[in-house]
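Plus 29 on top of the position in the sequence shown (first one is 1) and you've got the working numbering. Every residue, glycine too, gets a C-beta built ideally from N, C-alpha and C. Okay, structure first, notes after.
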Amino acid sequence: MAPESSLPDWIFPPPEGFTADDLDHLPHLPAHTELIDGSLVFVSPQLDFHTSTIYLLEAGLRRAAPKGHRVRREMSVKLGPRQRPEPDLIVLKPGADVRSSATYYPAGDVALAVEVVSPESEERDRKRKPLLYAEAGIPHFWRVENDSGRPVVYVYELDPATRAYVPTGIHHDRAKVTVPFDMDIDLAEIDSI
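Here is the structure:
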């Protein structure tokens, strides 16, 4: 007789890995669990910089978003059968199927994905996730870095021919862009949050 385990069943992944749909059915997963390449990824507690930066950008995106665009915080995006990461922020395109019961949005509904880089997520946020977002066709991506307690926003746009992101700007004091819509976010406001 095998010893009884107090570990949840999901601690032992299936041989083929988990699927994006599994995230909705695995009991007692830690909050904000992501699925990258069929593997569950658990996130560390957020630093104050991370939380404050998300708040600052979320407020700025909401102020600037034209009618029909929606801003969502920490909602997962289904990129494919084995990919369901959770960007820090997403902007949904007009016409996206917005439901109060949604646990994720399909990549085709996302105009912008934003990742605020944390020490534990540097590799994922700088390398793996942008590649996955680009391959899924998300047209815009922002990577936000901590520079001595101030956010620096690296802005990327999808090259439709190569399905890869190309850099379009680095914003230190203000994130002033025209796509996916006009906005001007004062990044120095982080000092008053």
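Exercise for review: Starting from the Cα of His200, find the closest Cα among Arg102, Arg172, Ala93 and Pro114 and give me that residue.
Suggested key: The residue with the shortest Cα to Cα distance from His200 is Arg172.
Check your understanding: To the nearest angstrom, how far is it from the Cα of Met30 to the Cα of Ile40?
Key -> The pLDDT assigned to Met30 is 48, lower than 50, so where the model puts this residue is not dependable; a value taken from the coordinates is nonetheless given after this. One C-alpha to the other measures close to 20 Å.
Practice item. Determine contact between the segment 114 to 131 and the segment 183 to 191, defined as no fewer than three beta-carbon pairs at a distance below 8 Å. Key: Short answer: they don't touch.
Check your understanding: On the three-state DSSP scale, how would you describe Ile199?
Key -> In the structure shown, Ile199 falls within a strand segment according to DSSP collapsed to helix, strand and coil.
**Study point:** Uninterrupted beta strand (DSSP E) stretches inside the segment 157 to 204 (no shorter than 3 residues)
**Key:** The segment 157 to 204 contains these whole beta strand (DSSP E) runs: 169 to 176, 179 to 188 and 193 to 200.
**Study point:** Beta-carbon contacts of Thr48 that lie in its chain and below 7 Å, excluding the five residues immediately before and after
**Key:** The residues are Pro110 and Arg111.
Practice item. Mark Ser221 as exposed unless 16 or more other C-beta atoms lie within 10 angstroms of its C-beta, in which case mark it buried. Key: The residue is exposed, with fewer than 16 neighbouring Cβ atoms inside 10 Å.
Review point. Do you know how far the Cα of Lys205 is from the Cα of Leu187?
Key: Cα to Cα, the separation comes out at about 18 Å.
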